[in-house]
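A quick write-up on the structure given underneath.
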Amino acid sequence: MTTATKHAPKHASGTGGTPPGRGAHEQEPVGGGAHSFSGTWQLIRLALRRDRVVLPIWIFVLGVIPASTVSTYESLYPTVESRAPLTAGLGANPSVNLLYGPAFDLSTAGGYTAWKYGTILPLLLALACVFTVTRHTRQEEDTGRLELLASAVVGRYAALTAAVSVAGAASLVTGLIMTAGMLGVGLPAAGSVVLGLGTALTGWVFTGVAAIAVQLAEFSRTANGIGSAVIGAMFLVRALGDAAKDVSWLSWLSPIGWATQLRSFAGERWWVLLLPLAAAVVLTGIGYALLPRRDVGMGIMPSRPGPATAARSLASPLALAWRLHRGVLLGWVIGFAVVGGVFGSLAAGVGDVIGGSEQTKQIVERMGGSAGLVDSFVAAILGIFGMVASLYAVQAALRMRSEETALRVEPLLATKVGRLRWAASHLVFAVLGSALLVLVAGAAAGLFHGLRVHDVGTQLPHALGAAAAQIPAVWVVTGAAVLLFGFLPKLTSAAWAVAALFLAISMFGPIANVSQAVLDVSPFSHIPKLPSAPFTATPLVWLTVVALIFVGSGLAAFRRRDIG
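Take the sequence shown: its letter number 375 is residue 392 in the numbering used here, and every next letter is one higher.
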């Protein structure tokens with residue numbers, strides 16, 4: 018017997034083994050057993066190696082934020098008198114509760130930290146867990162790598178177990194870093210532990226959600242979409258419960274609401290920790306129960322078969338790009354509209370939100386100009402929307418690289434479609450989509466602010482102008498992504514680091530009182546602070562020119578380099 022014959026699949030000869038048409042994983046009994054988890058440790062090591070850069074960044078950033086807030090709070094509100102109006106002023110504002118949750122006790126650094134980050138950090142950690150689980154399960158099936166592994170020594174449940182273990186461990190480490198950091202700056206132990214554990218357990222809950230989503234969906238993007246939609250829905254349920262007192266019970270229906278109901282640093286409710294723990298166990302168990310009910314590469318909710326011929330709406334690269342980008346863009350638009358409206362409704366009462374802190378007023382004026390506190394607040398908020406819109410621009414621009422690595426570009430370029438035409442079809446959404454986002458945020462903020470002060474006719478165009486001024490800076494970030502895509506395609510993901518650097522400098526630089534030379538590194542620092550400062554076109558023109566140079570150079574490099 019030759020070596021080739023010895024290692025040939027049994028079903029090739031038609032006798033014994035797995036019948037044709039069945040996946041390799043079905044050689045194992047559905048009931049499982051110890052062998053169903055074989056190879057789990059190796060997959061955990063592989064996942065940690067693949068995420069050795071991104072995952073530590075998530076963990077470190079989310080873990081150190083709470084401790085870093087303490088010194089800021091104490092410098093902004095150094096006296097009892099300056100802290101006294103915070104709880105009453107913020108706690109009575111439904112718009113603030115909608116975004117941050119209930120303000121139980123803002124007279125201490127711990128209570129303020131728990132209020133400011135009690136919903137945001139669990140939300141971000143939940144997204145990280147969903148993306149991590151999807152990356153190491155459904156995405157591996159999309160590329161065919163998991164099927165190759167399953168044909169060897171990897172058990173049926175190994176990939177899911179590895180992904181859940183990595184995401185769960187990342188959540189726990191994040192919570193431990195949060196706790197250690199808060200203890201290190203002198204916050205009470207009970208509140209520090211509750212806040213850290215509550216955040217970690219929220220990550221566990223959405224790890225379970227992701228375990229279900231990857232069984233339901235047939236593609237990784239769909240699984241990420243399902244997980245993100247559940248996170249968004251739970252955030253909205255929590256927001257409604259915290260903002261409307263007559264339906265406050267809604268907060269108890271959301272895992273993100275559980276994180277706030279722990280009341281960290283304000284009379285801790287330890288028993289609430291049992292809710293996310295139980296939910297995580299149940300949801301993860303459902304994911305394991307669904308796994309044997311589908312084939313590798315398939316989902317329990319398979320995609321519907323398409324028509325035999327493509328519709329005219331898909332007859333061009335732009336139409337195909339619209340099909341690929343529309344869902345993500347719609348989600349961003351809805352988010353910008355909602356959050357823009359919330360901040361717009363806060364603008365008129367910004368004095369109550371800031372309280373008596375002169376330092377906070379100076380920070381707002383440094384970020385948004387000094388012509389008036391309300392106008393400075395509007396300018397600062399719309400500047401933040403511009404920075405966040407740059408993240409969408411990077412996401413849309415990097416879709417070109419994901420299409421390239423998935424080998425979907427070469428068949429298109431084998432037709433009469435040229436490289437520049439194909440790339441331009443995606444850049445339309447990176448460029449115009451990001452502009453649409455900041456304009457939507459500006460319109461929502463201006464409309465709600467105008468309704469609050471009974472002057473929509475003035476406030477709406479002011480806010481739209483301030484939003485439009487952000488667009489050239491967003492385009493510079495887009496250009497940086499295209500530049501990397503053209504010259505250094507394997508490092509295209511570094512565009513996220515560029516966007517994050519600009520965002521960190523512009524958002525936290527004024528708070529940290531860094532020098533103007535450091536602030537000038539970010540393109541967002543060169544934008545006129547409308548509506549609180551005079552309009553100047555020169556910096557906007559220069560930013561647009563820089564963006565055009567970046568995009569043009571990147572496309573020229575893409576035209577010359579090899580695909581892949």
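For glycine and all other residues, C-beta sits at the position ideal for the given N, C-alpha and C.
Cβ separation of residue i and residue j, assumed to be a contact under 8 angstroms, to the nearest whole Å
i           : j           : result
residue 293 : residue 275 : 6 angstroms
residue 118 : residue 89  : The Cβ separation is near 19 angstroms, so there is no contact.
residue 484 : residue 456 : 5 angstroms
residue 225 : residue 297 : 5 angstroms
residue 177 : residue 308 : 6 angstroms
residue 473 : residue 567 : So it is not a contact: roughly 38 angstroms between Cβ atoms.
residue 349 : residue 409 : 5 angstroms
residue 436 : residue 444 : Actually they do not touch by this definition, with Cβ atoms about 12 angstroms apart.
residue 480 : residue 462 : 5 angstroms
residue 155 : residue 234 : 6 angstroms
residue 229 : residue 304 : 5 angstroms
residue 396 : residue 549 : 5 angstroms
Residue i (DSSP reduced to helix, strand or coil)
i           : result
residue 261 : coil
residue 82  : helix
residue 555 : helix
residue 433 : coil
residue 509 : coil
residue 522 : helix
residue 279 : coil
residue 387 : Its pLDDT being 48, under 50, residue 387 is placed unreliably by the model, and the measurement read from it follows with that caveat. Here residue 387 sits in coil by DSSP.
residue 545 : coil
residue 246 : helix
residue 88  : helix
residue 268 : helix
residue 328 : coil
residue 313 : coil
residue 172 : coil
residue 532 : coil
residue 561 : helix
residue 320 : coil
residue 70  : coil
residue 418 : helix
residue 517 : helix
residue 285 : coil
residue 580 : coil
residue 575 : helix
residue 550 : coil
residue 96  : coil
residue 236 : coil
residue 570 : helix
Opening and closing residue of the alpha helix (DSSP H) in which residue i lies
i           : result
residue 409 : 390–414
residue 459 : 451–470
residue 504 : 488–504
residue 185 : 175–201
residue 360 : 334–364
residue 475 : 473–485
residue 425 : Note, residue 425: premise wrong, no alpha helix (DSSP H); not H, not E.
residue 540 : Premise fails: residue 540 is in no alpha helix (DSSP H) and is neither H nor E.
residue 305 : 291–307
residue 223 : 206–233
residue 66  : 57–67
message: Give the list of continuous alpha helix (DSSP H) stretches no shorter than 4 residues that lie fully inside the stretch 110–169.
response: 111–117, 126–134, 137–152, 155–160, 162–167
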